[in-house]
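Structure first, then comments.
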Amino acid sequence: MFCRNCGIQLPDDANFCLKCGYPQKDNISTDEIKWETCETDWVHVKPGTLFSKGTAKYIARAIGPQGQYIAGQSSEYTFAIPETEVITTARFAAFDSFIKQLVAEGWEFIGSFGVGDSQKRFRRRVK
């Protein structure tokens, strides 16, 4: 089945959309549970080339009752092609710290999406 609001594919028994929180069945009250969701990914801060390092950071794009917003972001990290062990370690540390920040703010992990290892989906109850 697909969300009646945003069109994302959902499990057949879903009562609410995992991405936008929209109710999927007519008999479900939107007053019962309200969620906001966020998805993590990385963005370039300074693009790199084959011969120069670049910088990037992880961000969490969220959608809630007030619309879309940035729920969090990591510190910037360096990337390069090819990636060295030092750069990989720093990138993983930035991502781990970023995820811990989201969890500390009440976000709960609900799954991965896409093909990248940084593409995670979270939700939290709307206060």
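Residue numbers (our numbering): 876 to 1002.
Where is the CB? At the ideal position from N, CA and C, for every residue including glycine.
Only a predicted model underlies this, so the values are computations on that prediction, with no experimental measurement involved.
Under 8 Å by Cβ, that's how I've got ALA931 and PHE954 pegged, so tell me the actual separation to the nearest angstrom.
Rounded, the Cβ-Cβ distance is 6 Å, consistent with contact.
So, with DSSP's three-state summary, where would you put LYS900?
coil
Determine the DSSP secondary structure at LYS975, reduced to helix, strand or coil.
helix
Specify the secondary structure class of ILE883 as computed by DSSP and reduced to three states.
It is coil, neither helix nor strand.
With DSSP collapsed to three states, give me the class of VAL920.
strand
Rounded to a whole number of angstroms, what is the C-alpha to C-alpha distance between ASP887 and MET876?
5 Å
Which residues mark the beginning and the end of the beta strand (DSSP E) in which PHE954 is found?
Counting along the chain, the beta strand (DSSP E) containing PHE954 begins and ends at 952-954.
With a threshold of 7 Å on Cβ separation, who are the neighbours of VAL1001 within its own chain once the five nearest residues in sequence on each side are excluded?
If the five residues before and after VAL1001 are omitted, its C-beta is found closer than 7 Å to the C-beta atoms of LYS909, TRP910, GLU911, GLY939, PRO940, all from its own chain and listed in chain order.
Going by DSSP, which residues form a beta bridge with THR930?
LYS921, THR953
Just how far apart, CA to CA, sit PHE988 and LYS995?
6 Å
When you compare only the Cα positions, how much space is there between VAL918 and TYR933?
Per the coordinates, the alpha-carbon of VAL918 lies some 6 Å from the alpha-carbon of TYR933.
Measure the C-alpha to C-alpha separation of THR963 and ARG879 and round it to an integer number of angstroms.
Using only the alpha carbons, I get a separation of about 40 Å.
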